[in-house]
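Let me begin by presenting the structure, written as structure tokens, before commenting on it.
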Amino acid sequence: MSTGDLSALRARHLAPSLGLSYAEPLEIVRGKGAWLYDTRGDAYLDCVNNVCHVGHCHPAVVTAAAEQMGVLNTNTRYLHEHAVHLAERLAGLFPDPLNVCFFVCSGSEANELALRLARTATGRRDVAVVDGAYHGNTSSLIELSPYKFLGPGGGGRASHVHVVPTPDPFRSRVSGGGGADACDPEHVSAAAREAEPNGGLAAFFCESALGCAGQIVLPPGYLRSAFERARAAGALCVADEVQVGFGRVGSHFWGFETQGAVPDIVTLGKPMGNGHPLAAVITTPAVAAAFANGMEYFNTFGGNPVSCAVGLAVLDVIEGEGLQHKAGEVGSLLLGRLRSLAESAPLIGDVRGLGLFIGVELVRDRTTLEPAPREAARIVETMKRRGILLSTDGPLRNVIKIKPPLAFGIPEAERVIEELGSLLADA
Ligand code: PMP
Numbered sequence: 019m020s021t022g023d024l025s026a027l028r029a030r031h032l033a034p035s036l037g038l039s040y041a042e043p044l045e046i047v048r049g050k051g052a053w054l055y056d057t058r059g060d061a062y063l064d065c066v067n068n069v070c071h072v073g074h075c076h077p078a079v080v081t082a083a084a085e086q087m088g089v090l091n092t093n094t095r096y097l098h099e100h101a102v103h104l105a106e107r108l109a110g111l112f113p114d115p116l117n118v119c120f121f122v123c124s125g126s127e128a129n130e131l132a133l134r135l136a137r138t139a140t141g142r143r144d145v146a147v148v149d150g151a152y153h154g155n156t157s158s159l160i161e162l163s164p165y166k167f168l169g170p171g172g173g174g175r176a177s178h179v180h181v182v183p184t185p186d187p188f189r190s191r192v193s194g195g196g197g198a199d200a201c202d203p204e205h206v207s208a209a210a211r212e213a214e215p216n217g218g219l220a221a222f223f224c225e226s227a228l229g230c231a232g233q234i235v236l237p238p239g240y241l242r243s244a245f246e247r248a249r250a251a252g253a254l255c256v257a258d259e260v261q262v263g264f265g266r267v268g269s270h271f272w273g274f275e276t277q278g279a280v281p282d283i284v285t286l287g288k289p290m291g292n293g294h295p296l297a298a299v300i301t302t303p304a305v306a307a308a309f310a311n312g313m314e315y316f317n318t319f320g321g322n323p324v325s326c327a328v329g330l331a332v333l334d335v336i337e338g339e340g341l342q343h344k345a346g347e348v349g350s351l352l353l354g355r356l357r358s359l360a361e362s363a364p365l366i367g368d369v370r371g372l373g374l375f376i377g378v379e380l381v382r383d384r385t386t387l388e389p390a391p392r393e394a395a396r397i398v399e400t401m402k403r404r405g406i407l408l409s410t411d412g413p414l415r416n417v418i419k420i421k422p423p424l425a426f427g428i429p430e431a432e433r434v435i436e437e438l439g440s441l442l443a444d445a
């Protein structure tokens, strides 16, 4: 079928609320490492897929899934070594007392469960979130996602949700972004006070580095102070690691560790199954015990033997191939090169990142920080024609995001810099 015919058929049968990337959509049919291939066999360097974490179609993950698929796939109502071993391995990666695991199938399910845990454990309903955040696609999570409820088609803020300003060290330099004050964790206390008439905050949800808000690295210690304030108000602290977890940030395995913070609940997703729908919630024995109130939590697919075989293989590969360390090394090289590029490319307002979680924010004016979304979109399209897949993020759509599979190495980083450099020199 031609790409045109396929697009037309898709438009007829797939819901129109779902968009395609790029002006001329790609039909990708194969992936390997950090590379994707279209129907003509043309190669594209994948700089944005943080799901296929250890590399597209990593043979160890494929083999683990295929072998287990041929033996057994049931659910967590039977004893099975894979689920118990995966939970034990995950618990070993978290500081105490985070050692109880729930298996689910998506980041949304993980955050949805985190919300239920926090509400059940505190007996409260309200939630504080960070402006620009996205936590998932269910009704409850759209309400916790300013990125959606304040965006196109959004229904506005619900009365049980309290929004703290995006702690964005770059934009808070200008007063339009809330001033330096936006980075003050005291806003979490203000959110808690706002929630008092409704009975107080059940939870403060925050990503350990902000994705949809624009690839933002939190100011040092922000999360730790914000968590202290949330806890002082009786709320539980939820770290959403759906995008940034599993070694991506390089210096640590989890993003919250870079902030000196310890959450009460951590949600995991995307990279956990390398593309297989595997996600989890990790919490403390106390929170898990409060949730065991007689109503069973059962998840048909969550924690099945195939998913858990995949999860174990992903952890083995991260460890065996030293991918966390590699993310740190390749990330620093990329950040350094991008910062050098910024010296001669006035369009680059800011370069920020942790490991292989990087944002390049484009502005038309470095004083007013006027965003450059059209320029960002043009760069993404041109880079795609040059075989490099990027995309934009942030509420102003002017941040180029770089969060590739960790199979992305130094040669790939150099290729990106070479192409981006020549493009920005012409801009
Ligand atoms: N949290 C964050 C931070 C996310 O980026 C996403 C997905 N973009 C989700 C939750 C929801 O995950 P999923 O799409 O797997 O439901």
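Offset between the sequence shown (1-based) and this note's numbering: plus 18.
Cβ coordinates follow ideal geometry from the N, Cα and C atoms, glycine included.
Item: Near ligand 1: Asn-155 beta-carbon under 8 Å from a heavy atom; Value: yes
Item: Cβ-heavy atom distance, Gly-125 to ligand 1, below 8 Å; Value: yes
Item: Leu-236 to Met-19 span [Cα, whole Å]; Value: 46 Å
Item: DSSP bridge partner residues for Lys-419 (one or two, in chain order); Value: Gly-377, Ser-409
Item: Local conformation of Glu-225 per DSSP, three classes; Value: strand
Item: Rounded Cβ spacing between Phe-271 and Leu-111 (contact assumed at less than 8 Å); Value: 6 Å
Item: CB contact flag (Thr-301, Phe-120, <9 Å); Value: yes
Item: Three CB pairs or more closer than 8 Å across the region 323–339 and the region 355–363; Value: no
Item: Residue interval of the alpha helix (DSSP H) (run including Gly-371); Value: Run containing Gly-371: none in the alpha helix (DSSP H); it sits in the beta strand (DSSP E), 366–372.
Item: First through last residue of the beta strand (DSSP E) which encompasses Tyr-62; Value: 61–64
Item: First through last residue of the beta strand (DSSP E) which encompasses Arg-48; Value: 46–50
Item: Expected contact under 8 Å - CB spacing of Gly-373 and Ser-269 to nearest Å; Value: 7 Å
Item: Segment contact, 8 Å Cβ cut-off, at least three pairs: the region 145–156 with the region 228–235; Value: yes
Item: Asn-12 - partner residues in DSSP beta bridges; Value: Residue coverage of the chain in this structure runs from 19 to 445, which leaves residue 12 outside it and unanswerable.
Item: Proximity to Phe-316 [Cα-Cα], best of Ala-83, Arg-95, Ala-84, Lys-421; Value: Arg-95
Item: Contact set for Asp-23: own chain, Cβ-Cβ below 6 Å, skip 5 residues either direction; Value: none
Item: Reference Glu-45, options Ala-431, Leu-407, Ala-345, closest by Cα; Value: Leu-407
Item: Which listed residue (Asp-186, Asp-144, His-103) has its alpha carbon closest to that of Gly-377; Value: Asp-186
Item: Contact test: Val-2 Cβ vs ligand 1 heavy atom, cutoff 8 Å; Value: Any question about residue 2 goes unanswered here, given that the chain covers just 19 to 445.
Item: Rounded straight-line distance, which links the Cα of Gly-239 to that of Pro-141; Value: In the sequence as displayed, the identity of residue 141 is Gly instead of Pro. Roughly 29 Å separates the two Cα atoms.
Item: Leu-27 classed as buried or exposed, judged by whether at least 16 other C-beta atoms fall within 10 angstroms; Value: exposed
Item: Beta carbon of Ile-420 nearer than 9 Å to that of Val-72; Value: no
Item: Other residues of its chain near Glu-204: CB distance less than 8 Å, five sequence neighbours each side excluded; Value: Arg-247
Item: For Leu-351 and Leu-442, believed in contact at Cβ under 8 Å, the rounded distance; Value: That belief does not hold up - the Cβ atoms of Leu-442 and Leu-351 are roughly 18 Å apart, past 8 Å.
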